[in-house]
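Protein chains in written order, with the numbering used here: chain S, 460 to 702; chain F, 11 to 854; chain Y, 64 to 428.
Presented below is the structure to which this report refers.
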Amino acid sequence: MISTSTRTISPAESRTPPPPLLSIERVVKDYQTDGEVVRALNDVSIQIEPGKFVSLVGRSGCGKSTLLNLAGALDFPTNGHILLDGVATDSLDEKGLTQLRREKVGFIFQSFQLLHTLSAVENVELPLLLAGHRDPRPRAMERLTSVGLAELAHRMPHQLSGGQMQRVAIARALVHRPLIVLADEPTGNLDSSTGTSILELLRRLCTEQSTTILMATHSIESAAFVDFMVQMRDGCIEQIVQS
Amino acid sequence: MPYSLLFYRLIVRPVFRERARSLLVILAVALGVSIVLAIDLAGNAAVGSFRSSMESLTGDNDLEVTAAGGVPDKIVGQLATLTYPLRISPRIEDHATIAATGETVPLIGIDIIAEANNVSTQQIEPLNDEGLKHLTDPDAVFTTRAMGKSPGAKISLLINDQTHEYTVRGLVPGSSQFSGNIVVMDIDAAQQATDKKGRVDRILLKLPGQPGLDNWQQRLRSALPPGLALNPQGSQTAANRRMLAAFRGNLTILSYIALLVGAFLIYNTISVSVVRRRTDIGTVRALGASRNAVLIAFLAEAAVFGLLGAAIAIPLGRVLAIGAVRLLATTVDALYVSSRPGSLALSTGSILIAFVVGMGVAVVSALSPAREASMVPPTQAMGRGQREYAIRIDRKRDALIGLSLAFAGGLAALAPAIGGRPLFGYLSAILLIAASALSIPALVYWCTSVASSVLQKIMGVEAMLASRSLAASLRRTSVLVGALSTAIAMMTSVGIMVGSFRQTVISWMESELPADLYLRPAGDPSADRHPTISPAFTERIAKVPGVEGISRFRAYEIQYQGLPATLASADTNLPRHREPSSFLSGRPAADVLQQLTAGDAAIVSEPFTNKHHVKAGDIVTLPLGEKLVSFRIVDVFFDYGNERGFVILDRSTMLRYLPDPAASNLAVYLRPGADLEFTRELIKRAAVNSQVLIFSNRDLRREAIRIFDQTFAITYALEAIAVIVAVMGIGGALMSIVIDRRREFGLLRILGATTAQIRKLILIEAALIGILANIAGLALGFLLSLVLIFVINKQSFGWTIQFHWPVSVLLFALSVVYVATVLAGIYPARIAQRLNPIEVVHED
Amino acid sequence: MRTRFIVLLLILLAPGAYTQDYKQALPGYQYQFPRDHFNHPDYQTEWWYYTGNLKSADGHRFGFELTFFRQGVSRDSNDATWHVHDIYMAHLALSDISGRRFYHDERINRAGPGIASLDAASGAVWNGNWRALLGDQHQSLRAAEERFGIQLELASTKPPVIHGRNGVSQKSAGVGHASHYISFTRLLTSGEVSLNGTRYKVEGTSWMDHEFFTESLGTNETGWDWLSLQFDDNTEVMLYRLRHKDGSVDPYSSGTYVDVQGKSVLLSAKDFTMTPTGETWTSEESHGKYPVQWRVTIPGLSLQADISTPLANQELASRIGPTYWEGAIDISGQHAGKSLRGVGYLEMTGYGGSHSWGANRSNNH
């Protein structure tokens with residue numbers, strides 16, 4: 460990871476660094492609210508290697524959610540570029556974006572966002588079904604097993620606890636083997652012990668499957684699980700701390 | 011919390027935010043109320059203020075003397091020489107068609123000279139001194155001022171089957187009792203022109219003040235021969251009004267069905283809005299608003315919608331009424347009695363009804379959702395799943411209640427009529443509709459859960475998601491399906507009834523119209539007008555080569571037990587006996603007709619038996635000429651030609667009592683091998699001096715079906731409106747579904763769904779609703795059609811209708827509805843795909 | 064307007080309109096009774112005119128008039144029941160002299176199916192339910208309306224009188240300006256008068272005129288005054304005085320004197336005087352000024368009589384015909400030296416100014 464302030468490259472990193480999965484270059488994001496222009500991100504640059512668990516921390520309004528949305532191509536920068544897997548997000552058309560979402564990006568939300576009309580395993584297999592897979596059930600079950608919820612496969616969301624729901628969401632986010640998972644406050648609606656277990660799960664999955672995870676969070680406790688912590692304030696990156 | 015602030019936050023702001031939804035509710039009320047209003051106004055104009063056109067210029071008389079076949083002249087002389095100080099006005103009453111305009115107007119003959127004795131009736135005004143000299147000329151007529159004739163002007167009039175030129179000699183004064191055109195003649199000229207020698211149609215009597223009416227009626231009754239009817243003046247109007255009251259009642263019920271569909275719509279949209287405003291409600295409650303306050307707030311909103319909707323409905327209903335009046339007038343004319351529709355009057359009463367109905371429907375429909383809103387706890391609402399689960403339990407209970415209601419409905423259908431109205435039939439229909447509404451959740455749930463996996467295999471993941479979604483929001487889905495299926499059921503049931511009726515009429519005509527050609531006098535046909543064809547003409551036709559025989563049919567208007575009826579005679583010695591039976595007993599026609607020629611025997615129509623509760627073997631006593639004659643009913647025949655009761659005698663029997671040999675129409679039988687068109691030409695040439703219309707058998711059937719279709723035009727119109735309203739409701743509801751689930755759609759997009767997939771999902775939801783509604787609608791429609799045909803129709807009109815599936819019509823109509831439902835989903839789908847995923851997902 | 068059209072249908076039709084179809088009253092007519100008591104359809108106008116003075120046992124005095132008119136309109140051969148050949152009018156009036164009120168009613172009808180007509184076989188002449196039965200010896204009258212009615216039996220005491228010379232009563236110069244005029248000059252009357260619910264048994268004397276003609280009047284005559292006098296010495300006098308537009312009296316004015324045996328004597332214009340003596344009565348309805356006091360002298364018979372009326376208002380303001388005054392009168396005078404009294408009837412026509420339409424039927428004094 461290369462930040463705005465140069466760092467010396469450590470010996471462990473003297474091999475040719477892998478090309479960054481996510482490259483955020485001089486990104487500015489402005490919003491129009493009530494006639495005023497609010498600058499959410501002010502000239503932010505960051506590059507994230509594949510397989511890293513990175514958190515964006517800061518208070519509300521610091522821009523971490525905005526940066527997350529831009530990274531996931533849910534939104535687009537006012538100035539600057541976001542390159543995901545070498546492709547600029549704002550160069551993609553609808554078809555390209557859909558492709559992106561089906562293949563490269565997974566999302567996890569604070570409020571879980573499961574479809575309450577589908578069972579746990581049906582929620583997990585949904586992205587594959589949408590993409591046209593014929594028989595996604597085995598893979599979905601496999602994903603559910605990897606988050607430890609195989610026995611609850613046929614429960615409906617309202618029959619699951621918060622933590623269980625988030626696990627299902629995580630399974631769903633990973634079912635299509637994305638390159639990067641974007642997690643927006645994944646522990647925000649969970650108590651501290653459940654939240655910790657979710658962070659553990661994310662840590663494990665990131666390591667096991669070399670999936671990059673970019674997580675926006677309030678919680679300082681997450682520092683223990685992530686590879687890098689990017690501290691933000693007022694739309695700028697204050698510092699990047701490596702764990 | 012102050013009510014105004016509550017109302018603002020909870021009601022006013024959301025209403026303006028969701029302008030489209032609010033507009034939809036207002037429109038739903040407006041449409042439903044406008045239909046009710048339109049039917050009420052049109053019914054009033056066409057029927058409610060029914061006044062026989064013959065009541066014009068009747069003045070303030072007390073009694074009238076009438077008789078089948080006319081009152082003999084000499085009765086006037088007898089009455090005039092009674093030592094009672096009576097004022098006597100004899101009248102000829104008939105119709106004339108103005109050749110120039112084709113308009114048919116009442117033709118009234120009065121004793122112009124004797125009318126000078128009557129101070130209170132209005133007098134004819136001669137146009138000038140020349141006119142005075144010609145007042146009693148055989149070609150003198152008097153017209154209303156509105157007809158704009160100048161002194162000495164000529165006017166060509168068609169009376170019965172002859173057209174002659176008459177000269178206008180004076181003006182008929184305008185009358186507040188009757189507006190419109192009439193032609194008046196001196197009684198002598200009128201008698202000649204209408205060929206009513208030796209009789210008059212009515213004698214009006216004004217009595218002195220003392221003693222009372224009953225006393226006079228007794229005295230005069232004993233002075234008159236028994237066959238004559240002595241009644242208070244206006245009894246013809248009263249009888250016709252009675253008959254039309256039932257018709258009006260049916261119409262009103264029909265209009266309220268339209269309202270029902272609107273009510274469904276309102277219920278649904280308000281329910282949806284309650285769901286949407288959950289958070290607002292929770293917040294408001296947390297700030298201190300009580301349950302009742304929330305309830306009242308939502309009811310108040312509904313009331314305001316009702317008010318606005320009613321306000322729109324009033325001009326809209328007025329406009330709709332114009333078209334409705336025309337349709338109704340045609341029906342009344344064809345089935346009942348010649349009438350002249352009055353003006354459409356928007357009374358304060360009707361306006362009040364509109365507001366009450368509009369607000370009432372809105373508030374009643376909003377009751378349940380409003381109650382639900384008031385039960386939202388003062389914290390953030392829980393996920394939807396919890397609530398829907400509670401619904402699932404009710405589903406089975408509701409279905410059971412529905413079944414028992416259906417059973418009750420079946421029982422109600424077996425009950426007889428009350429006062430000539432099929433009240434139990436209506437009850438049965440309502441019970442069936444309620445049963446259907448209650449069973450729909452079960453139907454929806456069963457179909458969607460069963461079909462979910464099947465659908466996924468056939469139509470992909472979108473179909474699965476769609477069916478799951480429908481099953482999950484069972485309450486809302488059920489209401490949508492309920493509304494649409496009710497509209498479909500209405501359309502189907504009426505369509506089946508009309509189709510069956512139509513087919514029955516067609517089959518009936520095949521057996522009832524065996525002749526090759528039919529002749530009747532030109533001029534507007536109407537249920538109670540019987541212009542005649544002269545005997546000389548009939549003889550001429552009989553001589554035309556190719557004609558084997560002629561059957562002469564003659565009809566008279568009579569009153570029987572306070573209701574109008576038609577007494578007719580026909581030649582029963584027909585040249586060819588090729589009629590299959592169309593009698594209730596099932597006996598061959600030849601046997602029945604044979605019985606008619608012996609003694610005083612009659613056959614009566616089915617509507618007659620229904621109205622007067624008689625059957626074969628009973629005796630009816632009818633006034634004929636001066637006598638009261640008793641006839642034995644030998645059988646009952648089916649008659650779909652009109653709704654009046656018919657009594658038919660053999661011609662020879664009729665001539666014994668009413669000797670006028672003229673015919674109302676002729677049925678001509680051709681020799682075997684005679685060419686139809688050629689003979690028709692010959693007849694036309696023989697008819698050159700008479701105004702007579704010639705119909706071939708096929709023409710007649712086509713004409714009859716044309717009148718039939720015209721008569722039912724109004725039902726078609728009502729159905730179409732019901733379906734439009736329902737589909738609009740679907741469109742609106744889909745819109746709110748889309749808006750309500752935009753978060754979900756956003757999520758799907760994030761999960762990799764294309765906009766095309768979102769669109770497909772919504773369209774499949776629309777399609778599923780459509781299919782379910784069609785299935786439920788067809789089933790309910792079938793049951794309703796049974797009630798309509800075998801209970802409501804039979805008890806109202808007395809017709810036996812054979813059940814037929816009008817397959818092509820149904821298929822066409824159902825496909826139209828189905829396509830419309832899907833099309834209704836297009837716009838919402840377009841909205842859905844335009845949603846920006848990021849915005850919706852993060853809405854919290 | 065509306066009354067005008069009826070009026071024109073009646074006696075005052077434009078001269079020559081229909082009259083060419085009818086016979087004129089000419090000298091030499093052969094009278095035959097009872098045949099000539101009834102209808103003469105050959106002649107255009109005909110009437111049967113009853114007037115009388117009646118008194119009840121308790122002294123309640125009445126006068127009555129019942130008239131049946133026939134006006135011919137067409138003589139074509141159309142025999143349809145309602146076809147108008149003749150128009151029939153009738154007047155009925157009751158002078159309640161004791162009660163000082165005058166009542167009248169009128170009607171107009173066509174023959175139609177027996178609404179109005181004559182029937183020689185039954186002896187009846189009727190219009191609606193007003194009826195007279197005619198006979199040489201005996202006649203009956205029956206007529207009523209809502210407020211009053213009469214039912215009277217009339218017995219002839221003298222044979223019918225034919226007025227005029229040679230069987231015609233000439234009204235003005237020229238052939239045909241005349242009528243055939245028959246009277247029963249003294250009919251003993253008894254019967255019943257009902258008035259506003261009360262029935263009175265009455266007795267008295269009546270007079271009956273029967274005239275038939277076609278267009279008797281000349282064009283410059285505005286009206287006439289007619290008197291029937293029944294003296295208590297069992298003699299009668301009939302006089303009529305035709306007036307011109309300029310106020311002068313027509314030389315064809317004439318009269319008849321009937322003696323005790325019933326023999327009649329013609330009185331020509333120079334044989335009598337008949338003059339109003341001053342008192343007049345003006346009608347509120349028609350604004351006509353009627354002289355209600357007269358003096359009659361017949362020098363040749365040494366007869367003078369003063370005529371007055373016990374009830375000034377006996378005007379029939381008609382809706383459907385001309386307005387005229389017809390009322391009971393009292394006579395006091397002298398005949399051949401002896402003083403006499405009597406009763407009778409006076410008729411005055413042509414005094415009405417403008418007609419008032421829709422007039423009340425009963426005229427208060």
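Glycine included, each C-beta is placed from N, C-alpha and C at the ideal position.
In chain F, what lies closer than 7 Å to residue i by C-beta?
i      : result
Y:W145 : I197, D198 and Q201
Y:P176 : D83, K84, V86 and G87
S:G557 : Contrary to the premise, residue 557 of chain S reads as Thr rather than Gly in this sequence. Ordered by position in chain F, the residues that pass the 7 Å Cβ test against S:T557 are G762 and T764.
Y:W111 : Those do not exist, as Y:W111 stays about 17 Å from chain F at its closest Cβ, beyond 7 Å.
Verify the contact flag: residue i, CB atom, against every heavy atom of the ligand MG, threshold strictly below 7 Å.
i     : result
Y:L89 : What this structure holds is no ligand at all, so the ligand MG is not there to describe.
If you follow the beta strand (DSSP E) that residue i is part of, which residue opens it and which one closes it?
i      : result
Y:M301 : E299 to H307
F:L240 : A239 to P242
S:M674 : T671 to T676
Run down chain Y in chain order and give the residues with a C-beta less than 8 Å from the C-beta of residue i.
i     : result
F:T93 : N192, R205 and A207
Determine the chain Y residues that contact residue i at a beta-carbon separation under 7 Å, and present them in chain order.
i      : result
F:P218 : E209
F:I799 : Simply none; closest approach about 52 Å.
F:A1   : Residue coverage of chain F in this structure runs from 11 to 854, which leaves residue 1 of chain F outside it and unanswerable.
Below 9 Å on C-beta distance, what does residue i contact in chain Y?
i      : result
F:T341 : Correct list: empty, because the minimum Cβ distance to chain Y is about 38 Å.
If residue i sits next to residue j, beta carbons under 8 Å apart, how far is it from one beta carbon to the other, in whole angstroms?
i      : j      : result
F:L529 : F:V702 : 5 Å
F:I768 : F:A842 : 5 Å
When DSSP builds the beta bridges, which residues end up paired with residue i?
i      : result
F:A611 : F:R642
F:K621 : F:K621 is not bridged to any residue.
F:E567 : F:T576
Y:W287 : Y:L305
S:C695 : S:R692
Y:V231 : Y:R228
Y:R201 : Before going on, a small fix: residue 201 of chain Y reads as His here, not Arg. Beta-bridge pairing links Y:H201 to Y:A218.
F:V460 : Answer is none; F:V460 lacks a bridge partner.
Does any C-beta atom of chain A lie closer than 8 Å to the C-beta of residue i?
i      : result
F:R769 : In the structure shown, chain A cannot be found, because the protein chains are S, F and Y.
Let's see if you can read the secondary structure: which residues bound the alpha helix (DSSP H) around residue i?
i      : result
Y:Q95  : Here Y:Q95 belongs to no alpha helix (DSSP H), and DSSP marks it neither H nor E.
F:I49  : R29 to G53
S:A642 : Unbroken run through S:A642 is the beta strand (DSSP E), I639 to D643; no alpha helix (DSSP H).
F:G370 : T358 to S384
F:I120 : F:I120 -> not in any alpha helix (DSSP H); beta strand (DSSP E) instead, spanning T114 to I120.
Show which residues of chain F have a CB atom less than 8 Å away from the CB atom of residue i.
i      : result
Y:I383 : A126 and N127
S:R593 : Within chain F, no residue comes near S:R593; the closest Cβ sits about 10 Å away, beyond 8 Å.
Give me the chain S residues within the contact set of residue i, using Cβ-Cβ distance strictly less than 7 Å, ordered along the chain.
i      : result
F:R840 : None at all; the shortest Cβ gap to chain S is about 15 Å.
Whose Cβ in chain F lies nearer than 9 Å to the Cβ of residue i?
i      : result
S:L577 : M474, L475 and R478
Just the chain S side, please: which residues come within less than 8 Å of residue i by C-beta, in chain order?
i      : result
F:A482 : H575 and T576
Quiz item: Taking only runs of the alpha helix (DSSP H) that begin and end inside the region 769-817 of chain F, which ones reach a length of at least 4 residues, in chain order?
Solution: 804-807
Practice problem: Output the residue ranges of the beta strand (DSSP E) runs that lie fully inside the region 370-397 of chain Y and measure 3 residues or longer, sorted by chain position. | Solution: none
Practice problem: Ignoring anything shorter than 3 residues or poking outside the region 647-702 of chain F, list the beta strand (DSSP E) runs there in chain order. | Solution: 655-660 and 675-680
Quiz item: Hey, which unbroken runs of the beta strand (DSSP E) at 3 residues or more fall wholly within the region 474-546 of chain S?
Solution: 481-492, 495-507, 512-516 and 538-543, all fully within the region 474-546 of chain S.
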